[in-house]
Each structure stands twice: as structure tokens, then as C-alpha cells.
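Undergrad:
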Amino acid sequence: MSNEANVFTRFRSVIQTITRVVSYIGMGLLVPMMLLTSADVTARSLWSRPIPGTLELSSFMLSILILLGVAYTHQMNGHVRVTMLTDRLPEKWRESLNILTTLLTLFIVVIVFWQGIVVAFESGAVSDMLRIPELPFRLLVSVAALFMAFELIFNLVDSFRALIK
Amino acid sequence: MIQDPVIVGVLGTLGVFLLIFLGMPIAFAMMLTGFVGLSVLASVDAALPVAASTMWHVASFYPYTVIPLFVIMGGFAGSSGITRELYSSFEKWTRRLPGGLAIATIGACGGFAAVSGSSVATAATMGTVALPEMVRFKYDDKLATGCVAAGGTLGFLIPPSIGFVVYGMLTEQSIGKLLVAGILPGLLLTLCYIAIVVLWVRMWPEAAPKNPEPISWNEKALALKGVWEPLAIFFFVMGGIYSGFFTPTEAGAIGATVLLLVTIVKRTLTGSALFTALTESVRISAMVLMLVAGANVFSYFMALSTIPMQVASWTAALGVSPYIIHGVILFIFLILGCFLDAISMMVLTLPVIFPVILALHFDPIWFGVIAVLMMEAGLITPPMGLNIFTVAGVAKGVRVETIFRGVAPFLLSILAVAIILTAFPQIALVLPNMMVR
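Chains as they are written, first to last, in the working numbering: chain A, 2 to 166; chain B, 15 to 451.
As C-alpha cells, this is what we get:
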């Protein structure tokens with residue numbers, strides 16, 4: 002294997018590991034989210050004293066969980082797509098179509114990355130009860146798009162390799 | 015630039031279907047088409063931020079926390095051993111009936127569906143438990159795999175159910191009412207499935223050889239132990255929603271917490287099972303919410319194209335019986351369900367179909383039940399039936415075609431239930447109408 006290919010393989014495995022690790026962070030929040038809401042309902046119904054900020058904390062946790070999970074889901078081939086027709090095509094055609102649809106996906110993902118930053122800085126909102134700034138969480142939209150874009154580029158490389166092979 | 019918004023809308027719709035069939039991930043195909051459509055109908059500057067801000071609003075919308083929670087309920091229920099217990103208790107009660115093992119499978123699927131929000135999980139876990147038993151008693155492959163694949167679809171109709179959550183999100187209907195509305199139709203469908211098994215075995219007795227081993231009433235009574243646990247959790251969770259004691263979102267959290275406690279008390283929770291449950295929950299939630307985000311971007315475009323409004327007023331002015339249009343919609347769902355997965359089908363069609371339903375004065379909650387029923391049908395229709403492939407993955411050596419043939423009679427009973435619900439909407443509506451709010 003040539004040196005460049007080696008660097009690429011290393012780069013790819015580093016990025017994909019990061020994608021997985023950040024998604025595990027989001028995943029780990031699911032249990033606290035579940036326990037927090039249960040505790041809130043229990044406290045509300047037994048002592049009529051809800052836990053302040055449960056709602057917004059849960060929303061923030063959900064945003065971490067989802068946005069950090071987007072690229073991971075793509076890595077696991079989890080975003081729904083219809084491959085029924087493309088599967089029947091000869092390999093050359095299939096890979097060419099793959100390149101086309103991946104480029105289109107990359108196009109919208111890059112827009113989301115760019116606009117995610119713009120929209121996040123425009124808003125400046127803080128949460129209602131706990132006054133937590135939304136900015137870092139809003140920026141996760143761009144983080145999601147960035148890792149997604151990396152995954153898409155890896156797909157493109159795979160398709161090109163299959164084409165020239 | 016002056017364009018006819020309707021023409022742009024039609025082109026956009028064709029475009030999104032083209033991209034989907036070329037293999038583009040559906041969520042991003044809708045986002046892209048929505049972006050292009052908005053750029054043409056409004057302006058590029060107006061269209062640019064839409065996808066990013068929609069993604070933020072969807073990902074941080076508190077009620078959507080119910081989706082990962084409903085999925086994780088299924089994960090915990092699966093690792094708590096509830097599946098096996100349910101199956102063995104049902105088996106003891108149905109052993110004397112024709113096709114007893116198949117009936118037990120469907121009953122256990124229904125029971126599992128009552129504590130799990132996702133359908134594929136039901137088919138996968140039940141397949142590993144029930145299929146080996148049916149193979150052991152030399153059940154016909156068609157019947158054995160068919161009843162697992164069909165039983166798995168019950169996860170969609172019997173609450174908790176992600177199908178109702180997505181429908182409620184897209185149409186702004188009360189998710190609590192929708193979930194409650196699913197209870198009786200879910201029971202009805204379970205009974206219809208059982209009737210199919212009984213008929214099948216009456217006609218072809220060789221499909222399901224009997225288990226001669228006798229069973230005492232004592233054993234039967236003891237077997238009830240396997241049923242009370244999921245039943246208690248179901249009544250607790252749904253009772254809370256029904257009485258307005260907690261919201262569906264909170265119900266998801268409480269149900270998951272209770273199930274987690276059950277697995278801890280019974281010491282059935284392993285680290286790897288927890289990890290699988292969590293990854294699956296993230297995967298499904300990210301997939302569903304990205305679809306919802308894509309659908310939202312796409313439906314801004316649709317709204318601007320005025321198509322939903324025009325289609326709705328056009329169908330209302332047609333003067334034909336609303337039931338004919340209802341039938342056409344069912345047919346569309348059935349066809350689309352062959353090619354698309356359940357959630358994608360909803361997010362693609364509801365922006366246009368839901369205004370039609372409202373214009374025809376159908377009850378939106380009732381239609382939710384019908385829509386979810388048709389999503390179920392989509393899970394088992396060829397060539398793209400998700401449950402079929404799940405079962406094929408579990409049942410080694412059975413051809414996919416065999417499973418499709420085996421599941422066909424059950425598909426008929428889904429259609430039968432859709433017709434029954436259309437004739438007697440009260441079956442779906444009586445419970446939600448009695449709700450406090």
C-alpha cells in the first residue's frame with residue numbers, strides 16, 4: 002500500500018473512532034434523562050414539588066443524544082434508504098449512482114454545517130428556568146454535519162475505488 | 015422570477031421520489047429537495063438557514079424524548095427475559111388449541127408489544143424464542159415464520175408505539191390520545207391474527223402437529239406468573255397517560271425506569287445488553303428524528319407550493335363519497351408500503367394526505383390508527399418488508415419467499431381490521447373520547 006493510502010486509512014480510522022466515541026457520550030445521557038424525568042414525576046406527585054428545569058435539561062440531553070448520533074447512525078448504515086433498484090444494477094452503474102447521491106447529500110450537509118454556525122450565533126437564547134445558554138448545544142448541529150460530511154467523503158472514496166478497480 | 019408554485023411543487027415531489035429510488039438517504043433527499051424548492055419559491059437567502067434551524071428544533075424538542083425512551087423500553091424488556099416467560103405462559107394455555115404454538119407466538123408478541131415501542135425488536139426477540147419450538151414440533155415453515163413476522167407488527171399498533179408518536183408529531187394531534195386509541199384495535203388485530211392461525215390449521219391440519227403432552231390446571235395457573243409483569247407495567251404506563259397523571263413522554267421515562275429496575279432485580283441485565291439497548295436506541299432515534307427534520311423542511315416547501323391546500327379542496331369538491339377517497343388513500347399506503355419503510359412513508363405522505371383527511375371531516379385520531387395499521391402492513395409486504403427480513407435473519411434456512419407466502423393471510427386480516435375500523439370508528443375512539451384531556 003502506498004504511503005498516502007496509509008495516511009488516509011489512519012485518518013479515517015481516527016475520525017470514525019471519534020464519531021463512535023462522541024455518540025457514546027450522547028448514549029450515556031439516555032439513562033440520566035430517563036431517571037431525571039422519573040424523579041420529576043415522582044417528586045411532583047408525592048410531594049407536589051417538581052424538579053425545576055427537568056424539561057429543558059431533558060431537551061438539551063436529547064439534542065446531544067440525537068445530534069452526536071447522526072454521523073454514527075450513518076456509519077452503521079442506519080439512515081433509511083431504498084436500495085431495491087440500485088442493487089439490481091451492474092456494479093459500475095450502482096457505484097456511479099452512489100457517487101451522485103452521496104455528493105448531493107454532502108451538498109446539503111455542508112449547507113447545514115455552515116448555516117448551523119450562523120444560526121447558532123444569531124440566536125443568543127438562554128433556557129427559561131436555568132438560564133443555560135443554548136449556543137453550545139446549537140453548535141452541535143454543525144458538529145453533527147461535520148462528522149456526517151467526513152463519513153460521506155469516506156463513502157465517496159470507497160465508491161471511486163470500486164469504480165476504478 | 016415568476017413560477018407557478020404548484021408546478022414547482024409537483025416537480026419537487028417527483029424529484030424527491032426520484033432521489034429516494036436512486037438510493038439517497040430519505041431524510042437528506044427531503045432536506046435537499048425542500049431547500050431547492052424553497053430557494054425557487056422564496057429565495058436562496060430564505061432557504062439557507064431552514065435545514066440547520068429545523069434540525070436544531072427537532073433535536074431539542076422536549077416531547078421527542080419519548081422516542082429514545084420507547085425504544086429503550088423494548089431493549090430492557092427484551093433483556094429482562096419477559097419474552098421467554100410470556101411465550102411459555104401462553105404456550106401452556108394454548109397447547110390444546112389447533113396451532114397452539116403459533117397462537118402462543120402471537121399472544122406473546124402482543125404482550126411484548128405492550129411494553130415495547132418498536133416492531134422489529136418484537137419480531138427479532140420473538141423469533142429467537144418461538145421459532146426453535148415450532149421447528150421442534152415440525153410446524154410448517156410458512157405458518158411458523160409468517161406468524162412471527164406478523165405478530166411482530168403488533169408492536170406498532172399496541173402502545174407504546176413509535177408509529178403513533180411520529181403521526182402525532184407530524185399532524186399535531188395529542189400523542190396520548192393516539193396511544194390510547196391504539197389499544198382496542200391492537201387487541202382486535204391480535205384476535206384476527208389468532209383467527210387466521212385457527213382457520214389455517216383447520217384447513218391444513220398437517221401444518222401444525224399437536225403437542226400431546228398433557229397439562230394440568232395447576233401448571234396453567236402457575237404460568238400466569240409470566241404474564242402479570244408486562245401486564246402490570248402496561249397498565250401502569252397507559253393508566254398514567256389515560257388519567258392524565260403523566261404525559262406520554264414522562265410515561266416513556268417511567269416505563270423505561272421500571273423495566274430497568276426489573277432487569278436489575280432479576281439480575282438479567284448484562285453490560286453488553288445495556289450497551290446494545292443504548293446503541294439501538296440512539297440509532298433508531300437519530301434515524302427517526304432526521305426523517306422528521308427532513309420532512310419538516312420538505313413540508314415548508316409543500317406549504318409554499320399550496321399543493322396540500324389545493325389537493326384538499328379539490329378532493330372535497332369532487333363530490334364522491336369520502337369513503338372512496340379513504341379507500342384510495344389506503345391503496346396508496348399499501349403500495350408505498352411495499353417500497354418504503356413505515357416511518358418514511360408517513361413523513362412523505364402526511365403533509366399532503368392529512369389536510370385531505372381534515373377536509374373530508376374524518377376524525378384525525380381515528381385516521382391515526384388507520385395510518386399506523388397501514389404502516390404495519392408495510393412491514394410485511396414484498397419486496398421490502400422489514401419484519402420479513404428480520405425473521406429471515408433469525409430463521410436459518412427458510413427462504414424469504416416462503417415467509418412472504420406465510421405472512422400473506424395475516425396481511426389480509428390487517429386489511430380486514432382497517433375495514434372494520436372504518437365501519438365502526440368507535441372501536442378506536444371510545445377510549446380516547448373518555449379521556450380527561
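Cβ coordinates follow ideal geometry from the N, Cα and C atoms, glycine included.
In this text the structure is predicted, and so the values were computed from the model without any measurement.
Contact criterion: CB-CB distance below 8 Å. Does Ile77(A) meet it with respect to chain B?
TA: The sequence given here has Met at residue 77(A), not Ile. At least one chain B Cβ lies under 8 Å of Met77(A).
Undergrad: Kindly indicate if chain A contains any beta-carbon less than 8 Å away from that of Tyr76(B).
TA: Answer yes: the Cβ-Cβ gap between Tyr76(B) and chain A drops below 8 Å somewhere.
Undergrad: Let me confirm a value: Arg139(A) is counted as buried when at least 16 other C-beta atoms fall within 10 Å, else exposed. Which label applies?
TA: It counts as buried.
Undergrad: Hey, how far is the Cα of Pro82(B) from the Cα of Val302(B)?
TA: Between Pro82(B) and Val302(B), the C-alpha separation is close to 10 Å.
Undergrad: Should Val129(B) be labelled buried (16 or more other beta-carbon atoms within 10 Å of its own) or exposed?
TA: Buried: at least 16 other Cβ atoms inside 10 Å.
Undergrad: Closest by CA to Thr47(B), which one among Met323(B), Glu186(B), Phe312(B) and Gly382(B)?
TA: For Thr47(B), the nearest C-alpha among the options comes from Phe312(B).
Undergrad: Look up Pro199(B) in the DSSP assignment and say whether it is helix, strand or coil.
TA: Note: Pro199(B) maps to helix in three-state DSSP.
Undergrad: Answer yes or no: does any C-beta atom of chain A fall closer than 8 Å to that of Arg297(B)?
TA: So, interface residue.
Undergrad: Using 8 Å as the limit for Cβ to Cβ distance, is Gln116(A) near chain C?
TA: Reference to chain C is not applicable here, since the protein chains of this structure are A and B.
Undergrad: Would you kindly work out how many angstroms separate the C-alpha atoms of Val144(A) and Met130(A), rounded to a whole number?
TA: Distance between the alpha carbons of Val144(A) and Met130(A): 26 Å.
Undergrad: Where do the N-terminal and C-terminal ends of the alpha helix (DSSP H) with Glu92(A) fall, by residue?
TA: Note, Glu92(A): alpha helix (DSSP H), Glu92 to Ser124.
Undergrad: Identify each residue in the region 128 to 158 of chain A for which the Cβ-Cβ distance to at least one residue of chain B is less than 7 Å, and report them in chain order.
TA: Within the region 128 to 158 of chain A, the qualifying residues are Phe138, Arg139 and Val142.
Undergrad: Between Pro82(B) and chain A, is there a C-beta pair that is closer than 8 Å?
TA: Yes, contact with chain A.
Undergrad: Which of the three DSSP states is assigned to Leu134(A) in this structure?
TA: Correcting the residue type first, residue 134(A) is Pro in the shown sequence and not Leu. Here Pro134(A) sits in strand by DSSP.
Undergrad: Hey, would you say Thr185(B) sits closer than 8 Å to Leu364(B), going by beta carbons?
TA: Cβ distance < 8 Å, so Thr185(B) and Leu364(B) count as in contact.
Undergrad: Given a cut-off of 8 Å on the beta-carbon distance, is the pair Ala146(A) and Gly125(A) in contact?
TA: No. Outside cutoff.
Undergrad: Using a Cβ cut-off of 8 Å (strictly closer), state whether Ser230(B) contacts chain A.
TA: By this cut-off, Ser230(B) is not an interface position.
Undergrad: Would you report the Cα separation of Ser60(A) and Leu69(A), rounded to the nearest angstrom?
TA: When rounded, the distance between both Cα atoms is 14 Å.
Undergrad: Note the first and the last residue of the continuous alpha helix (DSSP H) segment covering Phe12(A).
TA: Asn4 to Gly29 is the extent of the alpha helix (DSSP H) around Phe12(A).
Undergrad: With 8 Å set as the bound, which would you pick, yes or no: does the beta-carbon of Ser427(B) sit closer than that to a beta-carbon of chain A?
TA: So no, Ser427(B) is outside the interface.
Undergrad: Check the C-beta distance from Ala442(B) over to Trp380(B) and give it rounded, since I have them as a contact under 8 Å.
TA: Rounded, the Cβ-Cβ distance is 5 Å, consistent with contact.
Undergrad: Nearest chain A C-beta to Asp59(B) closer than 8 Å, yes or no?
TA: Not an interface residue.
Undergrad: Report the rounded CA-to-CA distance for Gly114(B) versus Leu283(B), giving the unit in angstroms.
TA: Those two C-alpha atoms are separated by around 31 Å.
Undergrad: How do the region 32 to 41 of chain B and the region 51 to 68 of chain B stand: do at least 3 beta-carbon pairs fall below 8 Å, yes or no?
TA: The region 32 to 41 of chain B vs the region 51 to 68 of chain B: no contact.
Undergrad: Three-state secondary structure (DSSP) at Val334(B)?
TA: Correct three-state label for Val334(B): coil.
Undergrad: Could you run through the region 19 to 33 of chain A and flag, in chain order, every residue whose CB is less than 9 Å away from some CB of chain B?
TA: So the list reads Ser24, Tyr25, Gly27, Met28, Gly29, Leu31 and Val32, given in the order they occur along the chain.
Undergrad: Pull up the CB-CB distance for Ser358(B) and Val85(B), whole angstroms please, since I reckon it's below 8 Å.
TA: Actually they are not in contact, since the Cβ atoms of Ser358(B) and Val85(B) sit about 17 Å apart, beyond 8 Å.
Undergrad: Which residues, in chain order, does the region 268 to 283 of chain B contribute to contact with chain A at a C-beta distance below 8 Å?
TA: So the close ones are Ile268, Ala270, Thr271 and Leu274.
Undergrad: Of all the CB atoms in chain B, is at least one closer than 8 Å to the CB of Ser59(A)?
TA: Yes - at least one Cβ of chain B is within 8 Å of the one on Ser59(A).
Undergrad: Answer yes or no: does any C-beta atom of chain B fall closer than 8 Å to that of Val111(A)?
TA: Val111(A) does not count as touching chain B.
Undergrad: Using the DSSP secondary-structure output, state which residues sit across from Val127(A) in a beta bridge.
TA: Answer is Pro134(A).
Undergrad: Pull up the CB-CB distance for Phe126(B) and Thr119(B), whole angstroms please, since I reckon it's below 8 Å.
TA: No, Phe126(B) and Thr119(B) are not in contact; Cβ-Cβ is about 10 Å, not under 8 Å.
Undergrad: Suppose the cutoff is 8 Å on Cβ atoms and the five residues either side in sequence are ignored; what does the same chain contact list for Ala221(B) look like?
TA: Result list for Ala221(B): Gly113, Tyr153, Asp154, Lys156, Leu157, Trp214 and Val215, in chain order.
Undergrad: Buried or exposed for Met44(B), please, with buried defined as at least 16 other CB atoms from any protein chain shown within 10 angstroms of its CB.
TA: Buried, by the Cβ-count rule.
Undergrad: With distances taken between CB atoms, is the gap from Ser327(B) to Gly23(B) smaller than 8 Å?
TA: Against a cut-off of 8 Å, the Cβ pair of Gly23(B) and Ser327(B) comes out as no contact.
Undergrad: Is any beta-carbon of chain B found at less than 8 Å from that of Ile100(A)?
TA: So, not an interface residue.
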